[in-house]
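Peer 1:
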Amino acid sequence: PSRDFDGVDDFVRTSAAVVTAYPLTLACWFNADNATTDGRLVSIVNGSSDENWWAILTRGTVVGDPISMDVNDTGGNAYQETQTTTSFTPGKWHFATGIFTSNTRRDIFLDAGSQGIGTAASETPSGLNRTTCGVLDRTSPVEYFNGKIAHVHVFNVVLTLEEIRQCMFYPGSIRRGLVYYCPYFCP
Numbered sequence: 379p380s381r382d383f384d385g386v387d388d389f390v391r392t393s394a395a396v397v398t399a400y401p402l403t404l405a406c407w408f409n410a411d412n413a414t415t416d417g418r419l420v421s422i423v424n425g426s427s428d429e430n431w432w433a434i435l436t437r438g439t440v441v442g443d444p445i446s447m448d449v450n451d452t453g454g455n456a457y458q459e460t461q462t463t464t465s466f467t468p469g470k471w472h473f474a475t476g477i478f479t480s481n482t483r484r485d486i487f488l489d490a491g492s493q494g495i496g497t498a499a500s501e502t503p504s505g506l507n508r509t510t511c512g513v514l515d516r517t518s519p520v521e522y523f524n525g526k527i528a529h530v531h532v533f534n535v536v537l538t539l540e541e542i543r544q545c546m547f548y549p550g551s552i553r554r555g556l557v558y559y560c561p562y563f564c565p
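Counting with the working numbering, you get residues 379 to 565 for the letters of the sequence shown.
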């Protein structure tokens with residue numbers, strides 16, 4: 379079964395950041411209940427601050443309802459976001475993948491396609507101490523996800539497009555660089 383999040387206060391947290399440096403890949407299956415709110419799918423955060431994180435999320439408040447990835451460091455306004463070129467559909471399962479190659483290169487994929495590429499300002503989060511699903515779990519938690527999340531993967535490497543597809547169709551099958559996998563989050 380998948381994990382159902384109510385969009386109000388449900389989330390899952392580990393007691394540590396499973397990755398604390400570039401490169402990394404965050405991936406999961408999700409089924410959003412709506413396309414009117416933003417919801418965090420997978421995040422690695424500094425829970426002692428309202429800054430410093432890597433995350434992938436749904437962006438229902440943005441025209442076109444893209445999937446997004448963002449990164450923030452202690453620069454405050456230095457938040458950087460990259461979005462897919464197509465939308466997710468509420469009530470339908472999708473596969474989200476965010477690849478953080480370096481502090482200046484970010485790629486987001488919806489269903490192993492619809493790639494968004496970000497090469498903006500340099501961002502290097504620090505003090506990371508939590509890995510979460512369903513919320514950006516910082517000092518002031520925000521953007522609780524409303525829907526289901528399944529097969530959460532975190533890698534400490536950049537996945538290739540072929541590896542993303544294999545991860546999508548055969549969850550848990552890619553072991554290269556896998557540092558976190560929730561096999562009990564199954565669609």
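A virtual CB, placed ideally from N, CA and C, is assigned to each residue, including glycine.
None of these values were measured; they are calculated from a predicted model.
Have a look at 533, 540, 542 and 537 and flag the residue whose alpha-carbon is nearest the alpha-carbon of residue 560.
Peer 2: Residue mapping note: residue 560 aligns to position 182 of the sequence shown, counting from 1. Taking only the C-alpha atoms, the option nearest residue 560 is 533.
Peer 1: Start and end of the beta strand (DSSP E) containing residue 435?
Peer 2: As a position in the sequence shown, residue 435 is number 57, starting the count at 1. Start and end: 431 to 437.
Peer 1: Answer yes or no: do residue 399 and residue 507 have a C-beta to C-beta separation smaller than 8 Å?
Peer 2: As a first step, residue 399 must be located in the sequence shown, where it is residue number 21. As a first step, residue 507 must be located in the sequence shown, where it is residue number 129. Their beta carbons are not under 8 Å apart, which means residue 399 does not touch residue 507 by this criterion.
Peer 1: Run the CB neighbour count on residue 564, radius 10 Å, all protein chains shown included, and call it buried at 16 or more, exposed below.
Peer 2: By one-based count along the sequence shown, residue 564 stands at place 186. For residue 564, the pLDDT reaches just 44, beneath the cut-off of 50, and the residue's location in the model is therefore unreliable, leaving the point undetermined.
Peer 1: For the alpha helix (DSSP H) that contains residue 487, what are its first and last residues?
Peer 2: Taking the sequence shown and counting its residues from 1, one reaches residue 487 at position 109. No alpha helix (DSSP H) contains residue 487, which is instead part of the beta strand (DSSP E) from 484 to 488.
Peer 1: Assign residue 466 to one of three DSSP states: helix, strand, or coil.
Peer 2: Position 88 of the sequence shown, counting from 1, holds the residue named residue 466. Three-state result, residue 466: coil.
Peer 1: Contact defined as beta carbons within less than 8 Å: I believe residue 415 pairs with residue 439. What is the distance between those atoms, to the nearest angstrom?
Peer 2: For the purposes of this step, residue 415 is identified with residue 37 of the sequence shown, where counting begins at 1. For the purposes of this step, residue 439 is identified with residue 61 of the sequence shown, where counting begins at 1. With a Cβ gap of about 7 Å, residue 415 and residue 439 count as contacting.
Peer 1: Starting from the C-beta of residue 552, find all residues in its chain whose C-beta is less than 8 Å away, skip the five residues before and the five after it, and write them out in chain order.
Peer 2: In the sequence shown, residue 552 corresponds to position 174, counting from 1. Cβ within range, chain order: 531, 533, 537, 541, 544 and 545.
Peer 1: Would you mind reading off the limits of the beta strand (DSSP E) that contains residue 408?
Peer 2: Within the sequence shown, numbered from 1, the residue matching residue 408 stands at position 30. 402 to 410 is the span of the beta strand (DSSP E), which, as asked, contains residue 408.
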